[in-house]
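Residue numbers (the working numbering): 187 to 269. Quick reminder that beta carbons are idealized off the backbone N, C-alpha and C, glycines included. Treat the numbers as computed from the prediction; the structure is a model and nothing was measured. Report on one structure; see the data block that follows.
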């Protein structure tokens, strides 16, 4: 049968598949929303989850950035190619 641990594992796998990974660390990205006034106001984007810091130090934010609508298009294209 499926125990409680199996259910959590399945949920984590689904969430992980629905979240891009940053190129520098391979970690699940954070989803943020543009707050600044302008053409992108309200638009969502993914970024490295680590804190900002010196770019020369790998333990800091790698600078990964991806618009959420682009991420969704990639996912839809991948799904179509599997069908």
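Within the same chain, Cβ atoms closer than 6 Å to the Cβ of residue 252 are found at 206, 232, the five residues on either side in sequence being excluded.
One alpha carbon belongs to residue 212, the other to residue 224, and they sit about 31 Å apart. Relative to the Cα of residue 218, the nearest Cα in the group 210, 246, 209, 235 belongs to 235.
Residue 238 is positioned such that its CB atom lies closer than 8 Å to that of residue 247. In this structure, the CA atom of residue 214 is about 16 Å from the CA atom of residue 230.
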